[in-house]
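Q:
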Amino acid sequence: MADIKSILDFKSRTVSDIIQDLRDKSVSVPDWGKLEKDYDPAQHEICTDTTTLKDKQRSDGTTEPSSRISIGLEKLLCRRMSEFTFTIPVKRVYSNVTKEDGSPNDVRQDIIKAMEAIYKNARIDSVNLKRGLAAYAACEVFTIWYTVKKPNTIYGFDSEYKLKCKTYSPMDGTKLYPLLDEMDDMMAMSFEYTKTIGKDSITYFETFTADHHYIWKQEVSGGNWEEITSRTTEEGEEINGLEIELSKIPGVYGWFERPVYYGLTGLRKEIEYTLSRNSNVIAYNSAPVLKIVGGIKGAEDKGEARRIFRVENGGDVAYVSWQQAIEALKYHVDTMLKLYWMQAQIPDISFENMKNLGNIGFDARQTMLTDAHLRIGEFTGMWVEFLERECNVIKAFLKMMNPKWAKDIDEISVEHIITPFIQNDELAEINKRMKANGGKAIESQLESIQRYGYSDDAQATLEQIQKEEELSAQNRADAFSIGNQVAM
């Protein structure tokens, strides 16, 4: 594999050759153009199949289209996988945050608060859901972190910049090109996208290395690339790219070799074709069929409330009812659905299924979702590695934003814990915690008011409650004193 410096040799290589080498993907990821045909119900084969499901030509020349029922099981599966992974926010556990004698280290506590403020203001929980969907559906995702000059104090110190992030994936039309070395260390990360400016569509190609950021644009498809980050010094020397002071690529890339719905397309297609064929049969047999035995005497006698046919001796007039073997169809479709979710290792948690469970306990809910938690566990390794690399990027930015913390930031370790979704039983959790600490309270009165969420000012509510309790206690004391005086 070529070294990144030899690839980015602007003096001896053309821009087209450089970009062509940067497009040489180092990981094996399925093409989103092919995956999307399974993911998007509007692109399913059944929507355009005129061989198996033929349209009918009527005698008047009009066309009666065949029923074509598409089902977005792949899209639903990807959403559920993302929700199972990130609906419960990722927990970050910080260690090595105290002094050698065990006393609190105020500087490191401030660093933790600053890092959590960065995550909060970047809306990382929503970002994780978006990234999860992109990775499970399109197999790859890339998040870039960048600073915006805006003086603020939201991180606990006076900062000239705010730290933000943006996520790219093939689902939004961006092509990702990671370039890794033999040890899977990222040498460069490139991505390509198209912007529409007025009536013109301009293609951009960006590349990040550990020390430079390059941007090229192509105004005409197949035309020449122009670098918009190059500049010329006063001495006439051309400098390519913008320098990155972070000394690392300010982003993180994650990928899977296969989508979560790999191998399940056949089951979904079978359900679609079965329902569509049956829909055609129902439509064909929906019109009533009149059976007449023997000859008819005269014309039909139509009245406002009756219709009379006169038939010859032994004749009969009756509607023919259509009997469909609906149980066989229902069994077939239900079996296909069960096989789909069983092989996906995700329980079918639709409303129709959940309403029949009744009020089951917390342990029963955990058991019911065992298969889903095992499936999420297959992907946890990639996500934890992804989040740890992202945390290191945030640390690097934070060291530049507040240089006084640089030494302590490197000493702090962060563990990311992914908890697969489970509908928690808060009462069971409280009882468990109280039993572990000997029946003592596990939160203060102020925390309880804050978590309840209905008070606009939890502190003021607590003070009012305390005043009312003092007044009530005083009234009881006064009543007791008066009672004693009367008794005497």
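Under this note's numbering, the first residue of the sequence shown carries the number -3, and numbering increases by one thereafter.
Heads up, the beta-carbon is just placed ideally off N, CA and C, and yes, glycines get one too.
These numbers come from a predicted model, not from an experiment.
Taking C71 as the reference, give the member of W337, V285, L467 with the closest Cα.
A: In the sequence shown, residue 71 corresponds to position 75, counting from 1. Checking the sequence shown, residue 71 turns out to be Lys, not Cys. The option with the nearest alpha carbon to K71 is W337.
Q: So if DSSP puts K145 in a beta bridge, which residue, or which two residues, is it bridged to?
A: If you number the sequence shown from 1, residue 145 lands on position 149. DSSP output for K145 lists Y157 as bridge partner(s).
Q: At a cut of 8 Å, does the segment 123 to 141 reach the segment 151 to 166 through at least three beta carbon pairs?
A: yes
Q: Roughly how many whole angstroms lie between the Cα atoms of I426 and L383?
A: Translated into positions along the sequence shown, residue 426 becomes position 430. Translated into positions along the sequence shown, residue 383 becomes position 387. Going by the C-alpha atoms only, they are around 30 Å apart.
Q: Which partner residues of Q214 appear in the DSSP bridge assignment?
A: In the sequence shown, residue 214 corresponds to position 218, counting from 1. DSSP output for Q214 lists T199 as bridge partner(s).
Q: Contact between the segment 386 to 405 and the segment 107 to 124: three or more CB pairs below 8 Å?
A: yes
Q: Which residue comes first and which comes last in the beta strand (DSSP E) that contains L394?
A: Taking the first residue of the sequence shown as 1, we reach residue 394 at position 398. Segment 366 to 397 is the alpha helix (DSSP H) holding L394; no beta strand (DSSP E) there.
Q: Count the other C-beta atoms from every protein chain shown that fall within 10 angstroms of the C-beta of W212, then say buried if there are 16 or more, exposed otherwise.
A: Here residue 212 refers to the residue found at position 216 of the sequence shown. Result: buried.
Q: Given that a residue counts as buried once 16 or more other Cβ atoms are within 10 Å of its Cβ, and exposed if not, what is G219?
A: Here residue 219 refers to the residue found at position 223 of the sequence shown. Flag for G219 reads exposed.
Q: Thinking C-alpha only, which one of Q339, V289, A392 is nearest L242?
A: The count along the sequence shown starts at 1 and reaches residue 242 at position 246. Taking only the C-alpha atoms, the option nearest L242 is A392.
Q: For the alpha helix (DSSP H) that contains F82, what are its first and last residues?
A: On the sequence shown, residue 82 is found 86 positions in, with the first residue counted as 1. According to the DSSP assignment, F82 belongs to the alpha helix (DSSP H) that extends over 69 to 82.
Q: To the nearest angstrom, how far is it from the Cα of N309 to the Cα of Y315?
A: Translated into positions along the sequence shown, residue 309 becomes position 313. Translated into positions along the sequence shown, residue 315 becomes position 319. Between N309 and Y315, the C-alpha separation is close to 19 Å.
Q: I believe Y210 touches Y200 by the beta-carbon criterion, under 8 Å. Please report the beta-carbon distance rounded to the nearest angstrom.
A: Along the sequence shown, read from residue 1 onward, the residue named residue 210 stands at position 214. Along the sequence shown, read from residue 1 onward, the residue named residue 200 stands at position 204. So it is not a contact: roughly 11 Å between Cβ atoms.
Q: Can you find at least 3 beta carbon pairs, one from the segment 138 to 153 and one from the segment 246 to 265, that sit closer than 8 Å?
A: yes
Q: Going by beta carbon distance, what residues of the same chain come within less than 6 Å of V289, once the five residues before and after it are set aside?
A: Reading the sequence shown from its first residue, position 293 is the one you call residue 289. Only G311, D312 meet the Cβ criterion.
Q: Secondary structure at K171, three-state DSSP: helix, strand or coil?
A: Counting from one through the sequence shown, the residue named residue 171 turns up at place 175. Of the three classes helix, strand and coil, the one that applies to K171 here is strand, per DSSP.
Q: I'd like the list of long-range same chain contacts for S226, defined as Cβ closer than 7 Å, with 5 residues on each side in sequence excluded.
A: Residue 226 sits at position 230 when you count from the first residue of the sequence shown. Excluding sequence neighbours, S226 sits near E234, I235, N236.
Q: From L458 to G435, what distance separates their C-alpha atoms?
A: Within the sequence shown, the letter at position 462 stands for residue 458. Within the sequence shown, the letter at position 439 stands for residue 435. A direct Cα-Cα distance of roughly 23 Å separates L458 from G435.
Q: Confirm, please, whether the CB-CB distance from C74 to A118 is below 8 Å.
A: As a working mapping, residue 118 is identified with position 122 in the sequence shown. As a working mapping, residue 74 is identified with position 78 in the sequence shown. Cβ atoms of A118 and C74: not closer than 8 Å.
Q: Unbroken beta strand (DSSP E) runs of length 3 or more, entirely within the segment 256 to 323: which are they?
A: Counting only runs of 3+ residues, the beta strand (DSSP E) found wholly inside the segment 256 to 323 occupies 285 to 289, 312 to 316, in chain order.
Q: Under DSSP, the beta strand (DSSP E) around Y90 begins and ends at which residues?
A: Numbered from 1 along the sequence shown, position 94 holds the residue referred to as residue 90. Taken as a continuous stretch (DSSP letters only), the beta strand (DSSP E) holding Y90 covers 87 to 91.
Q: Can the beta-carbon of T205 be found less than 8 Å from the beta-carbon of M179?
A: Translated into the one-based positions of the sequence shown, residue 205 becomes position 209. Translated into the one-based positions of the sequence shown, residue 179 becomes position 183. Their beta carbons are not under 8 Å apart, which means T205 does not touch M179 by this criterion.
Q: Which stretch, first to last residue, makes up the beta strand (DSSP E) that contains V248?
A: Sequence index remark: in the sequence shown, residue 248 carries index 252 (1-based). That run of the beta strand (DSSP E) goes 247 to 251.
Q: Do E367 and Q339 have their C-beta atoms within less than 8 Å of each other?
A: As a first step, residue 367 must be located in the sequence shown, where it is residue number 371. As a first step, residue 339 must be located in the sequence shown, where it is residue number 343. The question names Glu, yet the displayed sequence has Asp at residue 367. Contact flag unset, no.
Q: In angstroms, rounded to a whole number, what distance separates the CA positions of N506 and V93?
A: Here the chain comprises residues numbered -3 to 484, so residue 506 is not present and cannot be evaluated.
Q: Contact check, E272 vs R64 under 8 Å by CB: the rounded distance?
A: As a working note, residue 272 is residue 276 in the sequence shown. As a working note, residue 64 is residue 68 in the sequence shown. Per the sequence shown, the amino acid found at residue 272 is Ser instead of Glu. Yes, they are in contact, since the Cβ atoms of S272 and R64 sit about 6 Å apart, within 8 Å.
Q: Leaving out the 5 sequence neighbours to the left and right, which residues in its chain are closer than 7 Å to E418 when beta-carbon positions are compared?
A: As a first step, residue 418 must be located in the sequence shown, where it is residue number 422. Checking the displayed sequence, the identity of residue 418 turns out to be Ile instead of Glu. Same-chain partners within the cutoff: R361, Q362, L365.
Q: For a test of the three-state rule: what should DSSP assign to L176, helix, strand or coil?
A: Here residue 176 is taken as the residue at index 180 of the sequence shown, counted from 1. It is a strand residue.
Q: Relative to the alpha-carbon of L4, which residue among E323, A454, D452, E223 has its alpha-carbon at the smallest distance?
A: For the purposes of this step, residue 4 is taken as residue 8 along the sequence shown, with counting starting at 1. Taking each of E323, A454, D452, E223 in turn and checking the Cα distance to L4, the smallest one comes out for E223.
Q: Does A437 come out as helix, strand or coil in the three-state DSSP assignment?
A: Walking along the sequence shown from the start, residue 437 turns up at place 441. The answer is coil: DSSP assigns A437 none of H, G, I, E or B.
Q: Between Y269 and I42, which are expected to be in contact by the criterion C-beta below 8 Å, what is the C-beta distance as a whole number of angstroms?
A: The count along the sequence shown starts at 1 and reaches residue 269 at position 273. The count along the sequence shown starts at 1 and reaches residue 42 at position 46. About 6 Å separates the two Cβ atoms, so the contact holds.
Q: Pop quiz: S22 and P174 are said to be a contact at Cβ under 8 Å. What is the actual Cβ separation, rounded to whole angstroms?
A: To locate residue 22, count along the sequence shown from 1; it is residue 26. To locate residue 174, count along the sequence shown from 1; it is residue 178. Right, the Cβ-Cβ distance comes to about 6 Å (below 8 Å), so this counts as a contact.
Q: Quickly, what does DSSP pair K52 with across the bridge? List them, please.
A: Here residue 52 corresponds to residue number 56 of the sequence shown, with the count starting at 1. Paired residue(s): E60.
Q: When DSSP builds the beta bridges, which residues end up paired with K162?
A: Counting from one through the sequence shown, the residue named residue 162 turns up at place 166. Beta-bridge pairing links K162 to I140.
Q: For the beta strand (DSSP E) that contains I193, what are its first and last residues?
A: Counting from one through the sequence shown, the residue named residue 193 turns up at place 197. It spans 182 to 193 - the beta strand (DSSP E) in which I193 sits, taken as one unbroken run.
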